[in-house]
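Asks: Going by our numbering, the letters in the sequence shown line up with residues 17 to 499, in that order.
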Amino acid sequence: MDPTTSSRRGFLRHAAGGLVISASLTAPETVQAQSQTPDSPTGSVLRTRGQLSSDGRTFLESERAVPVAGRADVLVCGGGPAGIGAALSAARAGAKVQLLEVAGCLGGVWTAGLLTKILDTENKTGIMKELLGEFMMRGGAVARKTKGTVYDPEIAKLVLEELCVAAGVQIQLHTRLVGTVLDERNRVAAVLTESKSGRQAWLADRFVDCSGDGDLAAHAGCRFDVGTGADCACQPMSMLALLTGVEPEAIQPFVRETGSEAKRRLLKLMEENGIMPTYRAPTLRHLHSGVYSLMTNHEYGVSAFDAGAITEATLRARREIHEIVAGMRKLGGPWKELSVVATAEQIGVREGRRIRGRFAITAEGLAEGLRHEEAVCRATFPIDVHALDGSGNKEISKSFKQGGLKPYDIPYPSLVAADVDGLLMAGRCISGDFIAHSSYRVTGNSVPMGEAAGLAAAVSLRKGVQPHELNWNDIKEDVSVRQ
Ligand SMILES: Cc1cc2nc3c(=O)[nH]c(=O)nc-3n(C[C@H](O)[C@H](O)[C@H](O)COP(=O)(O)OP(=O)(O)OC[C@H]3O[C@@H](n4cnc5c(N)ncnc54)[C@H](O)[C@@H]3O)c2cc1C
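As structure tokens, this is what we get:
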């Protein structure tokens, strides 16, 4: 399909003795390359060999022959809102798509994160509109009333799986990307994953990083930025939960959809009863038939790249949710049966890496209402920086809002990696600064970004050029000619 395929074969030949992720890591002993064969008994594994360094601080792992698990035209890492947009659009444009997702469901923060509210959807078309329609049609009265923007995470899981399967997307869940391989022309050629299937290699001609944290791009060696820059302070993480057991009529004034005053009422009620949530704008939403979602937690200063710190934050957050619910149950009345249905499997991560692209969206762009000839969508959501630490009001850092915001464009080049070829990004890891990210990160923008990146991946492959060699208007034109 792609004129570059012969070179990919060259890369494969080069890598035939075992994929070398980092040439600088010399194995202490080169063991006979092992591989699983069709005769290997069920449950057999690729054994690890290597040597502990003399200071006991590192383990030097020996080379292993990693099986190639799949070959695709377009590989999408991460099945969150951006990854869904990317996988669906690439597959519908005729590409063979592989979607890799570490969670046990598709949807990212929408499902594993129990988000329940999709922001910045008003002016969106395409896949975002289609998904809202599905969430609305298959959901209950609240989903219908809110045009699908308040949705049931369980319905979302099913809808996303069904749409991806119908589009022919190959999905592998429970699979984490742990490495990226470049060929000799600085193009992404393969990724490595770890899962119950062990370590696996996946080949593709184009890659879209929708991991939220920019994992694929970081492993490819792309430059990136984190947090505010100076001291890397990041937005807090938050765990969400589903609750039940309340008297709907009586608690209506505390439900977010009745207006922003609801948050203040809920905080007042909590504080008057000695409950001090770490997030000072507690948000209660009615989802359907007696089920509510609650966001009332902030975890400050947690790195998105430190599994130990994320674990500690997760345990703290889950304990806080249960303590708050137990505390509110003691209020009696409409709250006396309040209980937790579920806490999120994945704590919500607002910020990871912002990968350097060929255009960066900045606070200045937001202030002036950036117009760009290669706009993939227009964002309208306000600057939304949650408090960076537990001091102050523990809600929003208003100081970052000073420059203001007018509706602005998200340009195609901000989705194209600057440092390697064959790689696009979508969702919260695209190219922009700290303040701009706080606005464009919401999921009503992530889906159209993914849709654009997936389409660009498929069209660039069809045209035999790299994504950065295409103009967004050429991509749209190519699609309309074929329709
Ligand atoms: C607490 C909280 C509240 C928010 N509130 C709202 C709101 O009300 N409305 C709204 O629209 N937005 C909201 N946002 C913002 C929004 O959730 C994110 O910016 C959005 O999820 C971005 O979508 P994404 O697809 O880029 O990332 P994600 O939703 O984070 O999806 C990334 C996916 O990639 C997977 N993944 C990550 N790393 C790997 C890897 N190495 N290998 C394989 N898979 C991987 C993850 O499991 C996940 O499924 C909120 C965010 C948080 C944290």
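The beta-carbon is built from N, C-alpha and C at its ideal position, and this holds for glycine as well.
Remember, it's a predicted structure, so these values are computed and weren't measured experimentally.
1. Rounded to whole angstroms, what's the CA-CA distance from A43 to L440? Just pull it up for me.
2. Whole angstroms is fine: what's the gap from L303's alpha carbon to R73's?
3. Measuring straight from C-alpha to C-alpha, what distance separates D221 and G438?
4. Does the Cβ-Cβ distance between K417 and G385 come in under 8 Å?
5. For Q50, collect the residues of the same chain with a Cβ closer than 8 Å to its Cβ; drop the 5 residues on either side in sequence, then sort them by chain order.
6. Going by DSSP, what residue range makes up the beta strand (DSSP E) through M311?
7. Between which residues of its own chain and Q499 is the CB-CB distance below 6 Å, once the five residues before and five after are set aside?
8. With distance defined between alpha-carbon atoms, name the residue in D229, I399, C226 nearest to Y424.
9. Among Q216, C180, S305, whose alpha-carbon lies nearest the alpha-carbon of A157?
10. Judging by CA-CA distance, which residue of A403, I143, L232, L208 is the nearest neighbour of S413?
11. Going by DSSP, which residues form a beta bridge with E77?
12. Does DSSP classify D437 as helix, strand or coil?
13. For P350 and chain C, any beta-carbon pair shorter than 8 Å?
14. Quick one: Cα of M153 to Cα of T132, how far?
15. Compare the beta carbon distance of P169 and L130 with 8 Å and say whether it is the shorter of the two.
16. Could you please give me the residues that DSSP links to S355 through a beta bridge?
17. Taking the CB atoms as reference points, tell me whether M255 and G364 lie closer together than 8 Å.
18. Name the residue from R192, G237, A109, T196 whose alpha carbon lies nearest to the alpha carbon of K492.
19. Between which two residues does the alpha helix (DSSP H) holding P464 run?
20. Taking a contact to mean a Cβ-Cβ separation below 8 Å, would you say T299 touches K279 in this structure?
21. Going by DSSP, which residues form a beta bridge with V61?
22. Compare the Cα-Cα distances from L471 to each of R387, G228, G142 and report the closest residue.
23. By a C-beta neighbour count over all protein chains shown, 10 Å radius and 16 as the cutoff for buried, is N289 buried or exposed?
24. Under 8 Å Cβ to Cβ from A128, same chain only, skipping five residues before and after it: list those, please.
25. Using a Cβ-Cβ cutoff of less than 6 Å, which residues in the same chain neighbour A469 once the five nearest sequence positions on both sides are dropped?
26. Once the 5 residues before and after D89 are set aside, which same chain residues still bring their CB inside 6 Å of it?
27. Between the alpha carbons of R87 and L116, how many angstroms are there, rounded?
28. Can the beta-carbon of G214 be found less than 8 Å from the beta-carbon of E367?
29. Assign G281 to one of three DSSP states: helix, strand, or coil.
30. Return the bridge partner residues of F321 from the DSSP annotation.
31. Count the other CB atoms, across all protein chains shown, that sit within 10 Å of the CB of G460; report buried if there are 16 or more and exposed otherwise.
32. Measuring only from the beta carbon, is K133 closer than 7 Å to any heavy atom that is part of ligand 1?
33. Out of V392, T378, A85, which one is the CA nearest neighbour of Q186?
34. Distance, Cα to Cα, R394 vs R296?
35. Give every residue of the same chain whose Cβ lies closer than 7 Å to the Cβ of E150, excluding the five residues on either side of it in the sequence, and list them in chain order.
36. Out of E178, H190, Q216, which has the shortest C-alpha to C-alpha gap to P83?
Replies: Based on what the coordinates show:
1. Taking the sequence shown and counting its residues from 1, the one referred to as residue 43 is at position 27. Taking the sequence shown and counting its residues from 1, the one referred to as residue 440 is at position 424. Confidence at A43 is low in this model, with a pLDDT of 36, below 50, so the placement of that residue should be treated as unreliable; the coordinate-derived value is given next. When rounded, the distance between both Cα atoms is 32 Å.
2. For the purposes of this step, residue 303 is taken as residue 287 along the sequence shown, with counting starting at 1. For the purposes of this step, residue 73 is taken as residue 57 along the sequence shown, with counting starting at 1. Computed Cα separation, rounded: 49 Å.
3. The count along the sequence shown starts at 1 and reaches residue 221 at position 205. The count along the sequence shown starts at 1 and reaches residue 438 at position 422. For D221 and G438, the distance between alpha carbons rounds to 7 Å.
4. Here residue 417 refers to the residue found at position 401 when the sequence shown is read from its first residue. Here residue 385 refers to the residue found at position 369 when the sequence shown is read from its first residue. In this structure, G385 does not lie closer than 8 Å to K417 by Cβ.
5. Residue numbering aside, residue 50 sits at position 34 when the sequence shown is read from its first letter. With a pLDDT of 48 at Q50, under the threshold of 50, the modelled position of this residue cannot be trusted; read the value that follows with caution. These residues qualify, in order along the chain: L62, R63, R80, A81.
6. Counted from its first residue, the sequence shown places residue 311 at position 295. Note, M311: beta strand (DSSP E), 307 to 311.
7. Start at 1 with the first residue of the sequence shown, and residue 499 comes out as number 483. Result list for Q499: empty, nothing under 6 Å.
8. Here residue 424 corresponds to residue number 408 of the sequence shown, with the count starting at 1. For the residues D229, I399, C226, the minimum Cα distance to Y424 belongs to I399.
9. Start at 1 with the first residue of the sequence shown, and residue 157 comes out as number 141. Answer by Cα proximity: S305.
10. Here residue 413 is taken as the residue at index 397 of the sequence shown, counted from 1. Out of A403, I143, L232, L208, A403 has the C-alpha closest to the C-alpha of S413.
11. Position 61 of the sequence shown holds residue 77. In the DSSP output, where bridge partners are listed per residue, E77 has G66.
12. Numbered from its first residue, the sequence shown carries residue 437 at position 421. The answer is strand: DSSP assigns D437 an E or B state.
13. Here there is only one protein chain, and chain C is not present.
14. Taking the sequence shown and counting its residues from 1, the one referred to as residue 153 is at position 137. Taking the sequence shown and counting its residues from 1, the one referred to as residue 132 is at position 116. Distance between the alpha carbons of M153 and T132 is about 16 Å.
15. Here residue 169 is taken as the residue at index 153 of the sequence shown, counted from 1. Here residue 130 is taken as the residue at index 114 of the sequence shown, counted from 1. Contact: yes.
16. The residue you call residue 355 lines up with position 339 of the sequence shown. Per DSSP, T260.
17. Your numbering for residue 255 matches position 239 in the sequence shown. Your numbering for residue 364 matches position 348 in the sequence shown. Cβ atoms of M255 and G364: closer than 8 Å.
18. Counting from one through the sequence shown, the residue named residue 492 turns up at place 476. Here the closest residue by C-alpha is A109.
19. By one-based count along the sequence shown, residue 464 stands at place 448. Note, P464: alpha helix (DSSP H), 459 to 479.
20. Start at 1 with the first residue of the sequence shown, and residue 299 comes out as number 283. Start at 1 with the first residue of the sequence shown, and residue 279 comes out as number 263. Contact flag set, yes.
21. Your numbering for residue 61 matches position 45 in the sequence shown. V61 pairs with nothing; no bridge assigned.
22. Numbered from 1 along the sequence shown, position 455 holds the residue referred to as residue 471. Comparing Cα positions, the closest option is G142.
23. On the sequence shown, position 273 is the one that residue 289 refers to. Label assigned to N289: exposed.
24. As a first step, residue 128 is located in the sequence shown; it is residue number 112 there, counting from the start. Around A128: A119, G120, C121, A360, E361, Q362.
25. Here the question's residue 469 lines up with position 453 in the sequence shown. If we look at A469 and ignore the five residues flanking it on each side, its Cβ neighbours are A102, V224, L431, L440, A442.
26. Taking the first residue of the sequence shown as 1, we reach residue 89 at position 73. Excluding residues within five positions, the ones whose Cβ falls inside 6 Å are A111, K112, D221, L477.
27. Within the sequence shown, the letter at position 71 stands for residue 87. Within the sequence shown, the letter at position 100 stands for residue 116. Those two C-alpha atoms are separated by around 13 Å.
28. The count along the sequence shown starts at 1 and reaches residue 214 at position 198. The count along the sequence shown starts at 1 and reaches residue 367 at position 351. Not a contact, by the Cβ cut-off of 8 Å.
29. Locating residue 281 in the sequence shown gives position 265, where the first residue counts as 1. Per the sequence shown, the amino acid found at residue 281 is Arg instead of Gly. Three-state DSSP puts R281 in a helix.
30. Counted from its first residue, the sequence shown places residue 321 at position 305. F321 is not bridged to any residue.
31. Translated into the one-based positions of the sequence shown, residue 460 becomes position 444. Buried, since its Cβ has 16 or more Cβ neighbours within 10 Å.
32. As a position in the sequence shown, residue 133 is number 117, starting the count at 1. K133 Cβ: within cutoff of ligand 1.
33. Counting from one through the sequence shown, the residue named residue 186 turns up at place 170. Closest by alpha carbon: A85.
34. As a working mapping, residue 394 is identified with position 378 in the sequence shown. As a working mapping, residue 296 is identified with position 280 in the sequence shown. R394 and R296: Cα-Cα distance of roughly 30 Å.
35. Locating residue 150 in the sequence shown gives position 134, where the first residue counts as 1. V175, listed in sequence order.
36. Against the sequence shown, residue 83 aligns to sequence position 67. Among E178, H190, Q216, the Cα nearest to that of P83 belongs to Q216.
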